[in-house]
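Protein chains: 4
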Amino acid sequence: MSTFGNIFKITTFGESHSKAVGVVVDNFPSNFAIDFDAIQTQLNRRKPGQSDITTPRSESDTFTVLSGTENGKSLGSPICFMVPNQDTKPEDYKQHELIPRPSHADFTYLWKYGIHAASGGGRSSARETIGRVIGGALAEQILKLHKVEIIAYVSQVGNIKLDDSINKTVSRDLVDKFKTRCPDEATDKQMEELILDLKNKGDSVGGKVSCVIRNCPRGLGEPVFNKLEAELVRAMLSIPATKGFEFGSGNF
Amino acid sequence: MSTFGNIFKITTFGESHSKAVGVVVDNFPSNFAIDFDAIQTQLNRRKPGQSDITTPRSESDTFTVLSGTENGKSLGSPICFMVPNQDTKPEDYKQHELIPRPSHADFTYLWKYGIHAASGGGRSSARETIGRVIGGALAEQILKLHKVEIIAYVSQVGNIKLDDSINKTVSRDLVDKFKTRCPDEATDKQMEELILDLKNKGDSVGGKVSCVIRNCPRGLGEPVFNKLEAELVRAMLSIPATKGFEFGSGNF
Amino acid sequence: MSTFGNIFKITTFGESHSKAVGVVVDNFPSNFAIDFDAIQTQLNRRKPGQSDITTPRSESDTFTVLSGTENGKSLGSPICFMVPNQDTKPEDYKQHELIPRPSHADFTYLWKYGIHAASGGGRSSARETIGRVIGGALAEQILKLHKVEIIAYVSQVGNIKLDDSINKTVSRDLVDKFKTRCPDEATDKQMEELILDLKNKGDSVGGKVSCVIRNCPRGLGEPVFNKLEAELVRAMLSIPATKGFEFGSGNF
Amino acid sequence: MSTFGNIFKITTFGESHSKAVGVVVDNFPSNFAIDFDAIQTQLNRRKPGQSDITTPRSESDTFTVLSGTENGKSLGSPICFMVPNQDTKPEDYKQHELIPRPSHADFTYLWKYGIHAASGGGRSSARETIGRVIGGALAEQILKLHKVEIIAYVSQVGNIKLDDSINKTVSRDLVDKFKTRCPDEATDKQMEELILDLKNKGDSVGGKVSCVIRNCPRGLGEPVFNKLEAELVRAMLSIPATKGFEFGSGNF
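Protein sequences, first through last, are from chains X, Z, B and E. Using my numbering, you'd call the opening residue of the first sequence number 1 and step up by one each time. Using my numbering, you'd call the opening residue of the second sequence number 1001 and step up by one each time. Using my numbering, you'd call the opening residue of the third sequence number 2001 and step up by one each time. Using my numbering, you'd call the opening residue of the fourth sequence number 3001 and step up by one each time.
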């Protein structure tokens, strides 16, 4: 299933090397003046190729709105965003030569579907998250009316950790100042060195993302099966290569 | 909500005068060689402007596949079809001048959403059915593997009726020979005259569509809330201006 | 699936001869003083054995509330109602002797599930509707706050019809005065005679139910796939032996 | 919402001190000889009062099957299990005296619903998990046909941890030998002492549960929003007081 949400719903589509990736956003409030620049800002934050520590794929990631708005206002109908795939090099990937990469979704797709997109990533490519970023950037415009503020940052890479004392003051602007998105100059430097060192050895490394939510309204979520934690974690663990989640700041 | 289906799901998007209309088809079987010509054939059957008894809007209704297939085969991922809107004349419709047309969805949209697409139709336009036709044309390719055959035809216009004795022999080819889609020469002629007569008077008229399903497998549908009848009728009554449904041939 | 509804949801359970039938009602408003007598009143209206023209099964149909309320008020949690099956005569039905009755769900259940409840009805028994009546009686208590009034009556049995001019004045009290639930003395008499005549011949007869909704708010339902008509018809055609639906009073 | 699952679905109902708690299990395979003893075994494992380190509430937790089975076999219809609440002492809890307990769901329920079950736990009571245990015990009977084996054990209490080298050999029988469900004699002893020590001081302590799944089929779960991890974590974080989840054994 490619749909997420109960009332506000997003349906993402697209593979790494298909004509486009995108999202249909359903049940967004009507008659709302959408800030499209804010959406592009978030897509730019997501974009690969921003530094030498990320994937080098080059895409402008500019969206076209196919439906659901008029004169910048939402109509109450489904809003379809399309982002073309430009940097596709089909010659890089030949299906009959596909050798599943270790620890990648390749083999599972082939097993489950009997076919795999010729490009390595296919549907499991991180380009699929473009639709989620657009959906999130739209949702955020509603959340802002309720003063909700959401800031995520990299808090760990390998064994290099940032203390959570920054949670009180961290801002998105601060986070964006650093290549690694770790909002502390010394830690960022260390993380970058580790990543580049491993990159040179043909390796990579995992990490942790911390997220601060300010002014979260009381009583969100359902009491049993759709608790706030359960919905958040379900969204987070549906992002490729995400394997864990902790809620709250209490550790032991 | 713009999504229909439990396992095989379609999500339609688009208004009468937005950039495009389309559909995301989810959970279509993977590794299936899609007959795209068969889809275009169905879109052509749907197209307005085929005769003087339908709406004159001129559209080529050619689709682009944005995702979900490669080399003509389905990947198991969501398949997004986009059909551009070409014959849009924004100057025909000015929002600040919108006077809801009687017996049309205009007023209800305005009441419910506080805004209405400047074009008369907006989301309630019959162009929305393009996504359903594509979804149906895809579903039919699976149903054909099970020898299921589905033929719909116009059986009544005003008080002019066609007897259901044709159900045993009717074919889609036969239906398509007639402007009114009523597969009987004399009745078709009468219907056409009635429609043109009313059209000249600035009026229109309702009718009935009959549908024959051959080789329908036993046991389809759920026993209580998603009976086969209930699912069919729900799909049918979600088509604009459809107001009734009868299942089975037994009348009294 | 045994669940119906998007926000206000009901999940029915139970067969003709299981220990009980019932319903779980989810997302009913909290802190609402439920009128339990009104629920029993509706169950009594549904009950078989009220006259010689219905099925003779004798059940008191009194419910027990297992969860979701305290001191007569709803807690916001799922409300489970249970109604025991008392008039079960397993000896009437022996599974190994099951011969599917013509035009009944027996054969389809056996085909689909490879097993059939020993009692003729099983899950397709009209006793399943007890859960829906309870769900509806609860929903009506909310609708009443919005002045919505819903009255259904029998308008046709065989070829005997009641004119819809009664729609303006009909009330539930009036309907309940008549055995056939056709709120017109002469027509009711004719219908009763027809039913008894056929019953004596070992036969039965179909009919129509008309429903009047007063003060229905504007804008209910979704614009495309969950239109008000589509949701109503889906509910109606999920009632056993219901095969048609018309919306609105315009006929031709 | 009180329903979990896409095809195999469970709907739980019941509060701490309502007449009963229970579950409706929908879409369980038909014509399957259910092992009811295996269900009771799991309910017994869940039961409070098994030792001095758990809550002392005394309940027999014996279930009644209200629907969906006949002669021990599933009918394909919803199976409703009911477990009466016996150890309810309404006098212990008086609604007008409710003072929300710190760090408990009490306040959130009151805020969200405007009412709270007089008993402290209400719907947030761990008794709600009875329905999940029954659903899980049923699901396990199907999984066993595929040789899937699931074993959970306590791997951490406070700072006392058990190494995951036990994962290869651990069995449910071994786990059940220990009060704390930590399948290692020395660690179990330490954990018990810590719990009792804190209990004597009027305090409690958190911990971790590890779960081993053997013979899990390849390709389970959906590729994007309903990944296996995402579904598991969503189920886990809907259990009261659960705040984190890690998937896989790779740590750093």
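Quick reminder that beta carbons are idealized off the backbone N, C-alpha and C, glycines included.
- Val3205 of chain E and Ala3126 of chain E have their alpha carbons spaced roughly 17 Å apart.
- Taken through DSSP and simplified to helix, strand or coil, Lys3168 of chain E comes out as helix.
- Within a 10 Å sphere around the beta-carbon of Arg2218 of chain B sit fewer than 16 other beta-carbons, which makes this residue exposed.
- Thr169 of chain X is classed as exposed because its beta carbon has fewer than 16 other beta carbons within 10 Å across all chains shown.
- Within the model, the alpha-carbon separation for Ser16 of chain X versus Lys3189 of chain E is close to 53 Å.
- Counting the other CB atoms within 10 Å of its CB gives Ala3038 of chain E a total below 16, which places it among the exposed residues.
- Nearest neighbour of Gln2050 of chain B by Cα position, chosen from B:Leu2228, B:Met2236 and B:Arg2181, turns out to be B:Arg2181.
- Excluding residues up to 5 positions away in sequence, Thr3011, Thr3012 and Phe3013 lie with their Cβ nearer than 8 Å to the Cβ of Ser3002 of chain E in the same chain.
- Apart from the 5 residues on each side of it in sequence, Ile53 of chain X sits with its Cβ closer than 8 Å to the Cβ of Lys179, Thr180, Glu192, Ile195, Leu196 and Lys199 in its chain, given in chain order.
- In the three-state DSSP reduction, Leu3066 of chain E falls in the strand class (E or B).
- Counting other Cβ atoms within 10 Å of its Cβ, Ile3134 of chain E reaches 16 or more and is therefore classed as buried.
- Within its own chain, the residues whose Cβ lies closer than 6 Å to the Cβ of Leu66 of chain X, once the five positions on either side in sequence are excluded, are Cys80 and Met82, listed in chain order.
- Secondary structure of Thr2129 of chain B (DSSP, three-state): helix.
- Taking all protein chains shown into account, Thr1062 of chain Z has fewer than 16 neighbouring C-beta atoms within 10 Å of its C-beta and is therefore exposed.
- Comparing alpha carbon positions, the residue from B:Leu2232, B:Phe2225, B:Glu2070 and B:Ser2249 closest to Lys1009 of chain Z is B:Phe2225.
- Around the beta carbon of Gly248 of chain X, a 10 Å sphere encloses fewer than 16 other beta carbons of the protein chains shown; the residue is thus reported as exposed.
- The continuous alpha helix (DSSP H) containing Val3233 of chain E extends over residues Leu3228 to Met3236.
- The Cβ neighbour count for Thr3187 of chain E, taken over all protein chains shown within 10 Å, is at least 16; the residue is labelled buried.
- With fewer than 16 other beta carbons inside 10 angstroms of its own, His1146 of chain Z counts as exposed.
- Met2001 of chain B: not part of any alpha helix (DSSP H); DSSP gives it neither H nor E.
- Looking only at X:Leu228, X:Asn27, X:Ser18 and X:Phe4, the smallest Cα-Cα distance to Gly122 of chain X is reached by X:Ser18.
- Residues of the stretch 93-118 of chain X with a Cβ closer than 9 Å to any Cβ of chain Z, in chain order: Gln95, Tyr109, Lys112, Tyr113, Gly114, Ile115, His116, Ala117 and Ala118.
- In this structure the stretch 3104-3123 of chain E does not lie against the stretch 3027-3046 of chain E, because fewer than three pairs of beta carbons, one per stretch, are closer than 8 Å.
- For the stretch 3053-3082 of chain E, residues whose beta-carbon sits nearer than 9 Å to a beta-carbon of chain B comprise Thr3064, Val3065, Leu3066, Ser3067, Gly3068, Thr3069, Glu3070, Asn3071, Lys3073, Ser3074, Leu3075, Gly3076, Ser3077, Pro3078, Ile3079, Cys3080 and Met3082.
- In the three-state scheme derived from DSSP, where H, G and I count as helix and E and B as strand, Thr1011 of chain Z is classed as strand.
- Residue state for Val3025 of chain E is assigned as strand, using DSSP reduced to three classes.
- The beta carbons of Arg2234 of chain B and Ala1230 of chain Z sit closer together than 8 Å.
- When C-beta distances to chain X are compared with 7 Å, every residue of the stretch 1218-1250 of chain Z stays at or above that value.
- For the C-beta of Thr1187 of chain Z, not a single chain B residue is nearer than 9 Å; the gap to the nearest is close to 16 Å.
- Its Cα nearest to that of Phe3028 of chain E, the residue E:Ile3007 stands out among E:Arg3045, E:Ile3007 and E:Pro3048.
- Residue state for Phe2107 of chain B is assigned as helix, using DSSP reduced to three classes.
- Under DSSP, Glu3246 of chain E forms a beta bridge with X:Gly244.
- With respect to Glu1246 of chain Z, Lys2243 of chain B sits close: the two C-beta atoms are nearer than 8 Å.
- Residue contact with chain Z for Asp87 of chain X: absent (no Cβ-Cβ distance below 8 Å to any residue of chain Z).
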